[in-house]
Amino acid sequence: MAPIAAPATRLVPTGERYLDQLAHLVAEHGVAAFEGDIARLVVRLRAHGLCSPLVTLLADRDAPPIARERALGHLLGRLTEVEARRPSRVATSAA
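Under this note's numbering, read the sequence shown as residues 3 to 97, first letter to last.
And the structure:
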């Protein structure tokens, strides 16, 4: 199966599907191929209050790639949990 996007292609963040694509592409092509996406994800993680050593490790371009990839896996799981607990943005109509 061909990759969803070439390593040089910037993914467009669209929720859970984006995170799934990013995880698979990083697994296939390595974290260095998606530094821009990783940097945006680090900002998103910190905005959600996830300021752990794993976030610092993921943001550190000098850290070993395998360590960053493992941190990414753990953090994507945490981010998915945090976003699942957020209230829905769907507006309800008052009749």
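Don't be surprised by glycine CBs; every beta carbon is placed ideally from N, CA and C.
Take E83, set aside five residues on each side of it, and no residue of its chain has a beta-carbon closer than 7 Å to its own. Assigned with DSSP and collapsed to three states, G79 falls in helix. The criterion of a C-beta distance shorter than 7 Å is satisfied by L52 and R80.
In this chain, the alpha helix (DSSP H) harbouring L24 covers 18 to 31.
Each of A35, L21, Q23 was checked against the Cα of P67, and the nearest Cα belongs to A35.
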